[in-house]
Structure formats: structure tokens, C-alpha cells
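Each remark here refers to the structure printed beneath this line.
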Amino acid sequence: MSEGLYGKPPRALATAARDAGQFSPFALDGAAIEDLGDGALSAFTVLAPAGTLERRYVLAHALRALAPGGRLVAMAPKTKGGARLRAELNAFGCEVNEAAKAHHRICHCARPEYPVGIAEAIAIGAPQIPPGLGLWSQPGLFSWDRLDPGSALLARTGEPFSGVGADIGCGYGALALAVLERAGVRDLLLIDTDRRAVDAARRNVTDARARFLHADGRFALQGSDKLDFVVINPPFHSGGAEDRGLGQDLVVAGARALRRGGICRLVANVALPYEAVLAAECSSVKLLVREGGFKIIEGRR
Numbered sequence: 030m031s032e033g034l035y036g037k038p039p040r041a042l043a044t045a046a047r048d049a050g051q052f053s054p055f056a057l058d059g060a061a062i063e064d065l066g067d068g069a070l071s072a073f074t075v076l077a078p079a080g081t082l083e084r085r086y087v088l089a090h091a092l093r094a095l096a097p098g099g100r101l102v103a104m105a106p107k108t109k110g111g112a113r114l115r116a117e118l119n120a121f122g123c124e125v126n127e128a129a130k131a132h133h134r135i136c137h138c139a140r141p142e143y144p145v146g147i148a149e150a151i152a153i154g155a156p157q158i159p160p161g162l163g164l165w166s167q168p169g170l171f172s173w174d175r176l177d178p179g180s181a182l183l184a185r186t187g188e189p190f191s192g193v194g195a196d197i198g199c200g201y202g203a204l205a206l207a208v209l210e211r212a213g214v215r216d217l218l219l220i221d222t223d224r225r226a227v228d229a230a231r232r233n234v235t236d237a238r239a240r241f242l243h244a245d246g247r248f249a250l251q252g253s254d255k256l257d258f259v260v261i262n263p264p265f266h267s268g269g270a271e272d273r274g275l276g277q278d279l280v281v282a283g284a285r286a287l288r289r290g291g292i293c294r295l296v297a298n299v300a301l302p303y304e305a306v307l308a309a310e311c312s313s314v315k316l317l318v319r320e321g322g323f324k325i326i327e328g329r330r
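Using the working numbering, the first residue of the sequence shown is number 30, and each one after it goes up by one.
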């Protein structure tokens, strides 16, 4: 392998070699960009993340992994970081050629012999314990530097769980920690499609009853109908765009993994429609609480 790929750039904007290694944390069969050796690659194509700290972290790692003179193609939608790409690469010491196409900014450059400031960008975007959180997290994760109020509401609502369950879309493990405070919980599977989240959750949730899985929650529990409970804070964005179907699919997958009588408890923005989806899979559905723009819904299989 001589080329790297991060994310899924639109084919009309850039192509990578067929044998290019994938280093996005959302690629279930990919590798970690952090594990690439210095100067290991001759080319890197990056669909840059929208968040500033995360984007600079990825760009810095891509430059680190390129040999001097290696080719970097980085792109992002104009309104989601693309407008800043050229300046950020210039700050790393790159001479950039920029183009605009299909609402994206595409930057081409060669890795300078001595990039500027990449160690600092990597340190700022690396796994860390944010002061306002007190748990291991990383820029790019959902609510990375503060506890999400929806998850906090879910953690304190409803009867205690017991038996065997799953946390679908576990993030860095804050909700799982609350679930595992109950002695009646025998086993909890933490699932997330983001490898960084699973890595952080492993560091935060050290309870022996916890297990971890880097997988797509829509399919990870297929064939299972024996869980006593599932908890879900469903995402409603995918690739930066609103995608209500993603959260609905996770709710369906969670409900179908339950035994008869098992409980699916979830939190959602009050405007998001999950009741009908849950009702199609469960014998009963009830609203437990509505507070601060969120609602807690519980379905019983």
C-alpha cells in the first residue's frame, strides 16, 4: 500500500488507487490513521471533517504519514470546513492549489520537507479528558467535551435495568456508566460505528460486565432476540446532513433484538418521530418524560 484514503470523497472530485488503505474511524475494515508510520505513503486523499480541531488533526496526520513531496488531496463542502482548508494547509507550510466544484473546495499540495505545527495540531485533536467532562473523549465525537443533556436525562429516567442489554451508539460510554451502576445488570454490549468512540468507551467503562463492539448498530444485533433491554440516543445526522432514517433504523434494530417483554428506552429531540417506529416493533409504547426539549420513550417488546 502506497496511498491512503480518509472518508468517502465524491468520485467526481477525486479518485484514489484501488489498493489505497482506508483510515476513517467509520470504516469497519479500515485502520487507524494514528498507526501509520512517518513518511509511509506517497499519496493521501482526504474528505476532511467539518469540525476545526478534528479536521486539523486529520490533515496533520495525513501530512505526517506522507513522504516529503508526497501528494495530498484534501476536500470538504464549502460550508463545512472547505472554505478554511487552504489557509489551514498553508499554515502547515504547504503550497496549495485550490479548485471549487460541486459545492466543495478541493486543495492539492505536496508535503513539505518540514511541515509546520503538525505535532501541535495532533496533540490538540488527540484523545483527552476535557475538563468539563471528566471522561476520555476526542474532538469529532458527539458532544465530545460536555455531557449531552439528552443522554443525562435518559440516564436518570425510568426503572432500573436488569439482565443483559446493549447500548447502541454508545459514544464514549457516559450512558453505559449510568446503566452499569445497577447491580441487576449482568452484561452490557457497547456498540458504535466510530472506532474512536469505542476506544474512548474502553478507557472509561472498566466494569467487567461491559463488552465493546466497533460495528454498525443497524446490523450488529441481527439474529438476536434475547436481550432484556437496549438504550439508544439515536443520531439524526450522517455525514453532516440530517438523516432521520438512520436513527429510526437503529431503533428498529434495537427493538428486534429484545426478548418478549424486553425494554427499548431512548431519548430524542421532541420534534423527532420515533413513537410510530417503536410501536411497530413493540406491544406497548409510552412517553416517560418530556423535558428541556427532549423526550424519553420506552417500548416493551
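Note that the Cβ used here is the ideal one computed from N, Cα and C, for glycine as well. Predicted model only: the values in this text are computed from it and were never measured.
Check                                                                                                    : Outcome
Selected residue, minimal CA-CA separation from Trp-42, among Arg-134, Ser-31, Arg-232                   : It should be pointed out that residue 42 corresponds to Leu in this sequence rather than to Trp. Among Arg-134, Ser-31, Arg-232, the Cα nearest to that of Leu-42 belongs to Arg-134.
Any C-beta of chain B under 7 Å from that of Arg-289                                                     : This model lacks chain B altogether, as it is built from one protein chain only.
Between the CA atoms of Ala-230 and Arg-115 - distance to the nearest angstrom                           : 34 Å
6 Å Cβ shell around Cys-228 - same chain, five flanking residues per side excluded                       : In the sequence as presented, Cys is not what sits at residue 228; that position holds Asp. Closer than 6 Å at the Cβ level, and outside the excluded window around Asp-228, lies no residue.
Straight-line gap, Pro-264 to Val-296 (C-alpha atoms, nearest Å)                                         : 10 Å
Asn-262 burial status per 10 Å Cβ neighbour count (16 or more: buried)                                   : buried
Cβ separation of Leu-307 and Val-314, assumed to be a contact under 8 Å, to the nearest whole Å          : 5 Å
Straight-line Cα distance separating Leu-118 from Arg-140                                                : 10 Å
Assigned secondary structure, His-266 (DSSP; H/G/I helix, E/B strand, else coil)                         : Any reading at His-266 must be qualified, since the residue scores a pLDDT of 47, below 50, and its modelled position is unreliable; no value is offered.
Cα-Cα separation, Asn-233 to Ala-128                                                                     : 42 Å
Element boundaries [alpha helix (DSSP H), containing Arg-115]                                            : 111-120
Proximity winner among His-132, Asn-126, Glu-124, relative to Lys-107 (alpha-carbon distances)           : His-132
Inter-residue Cα distance where the pair is Lys-130 and Ala-181                                          : 42 Å
Delimiting residues of the alpha helix (DSSP H) encompassing Arg-93                                      : 81-94
Whole-number beta carbon distance between Gly-246 and Leu-209, since they are thought to touch under 8 Å : That belief does not hold up - the Cβ atoms of Leu-209 and Gly-246 are roughly 19 Å apart, past 8 Å.
DSSP state of Ile-151 mapped onto helix, strand, coil                                                    : helix
Touch test, the stretch 219-227 against the stretch 190-210, Cβ-Cβ under 8 Å, three pairs minimum        : yes
Identity of the residues DSSP links to His-243 by a beta bridge                                          : Asp-221
Environment of Lys-324 [buried if 16+ CB atoms lie within 10 Å]                                          : buried
Extent of the continuous alpha helix (DSSP H) to which Gly-179 belongs                                   : 178-184
Three-state secondary structure assigned by DSSP to Leu-250                                              : coil
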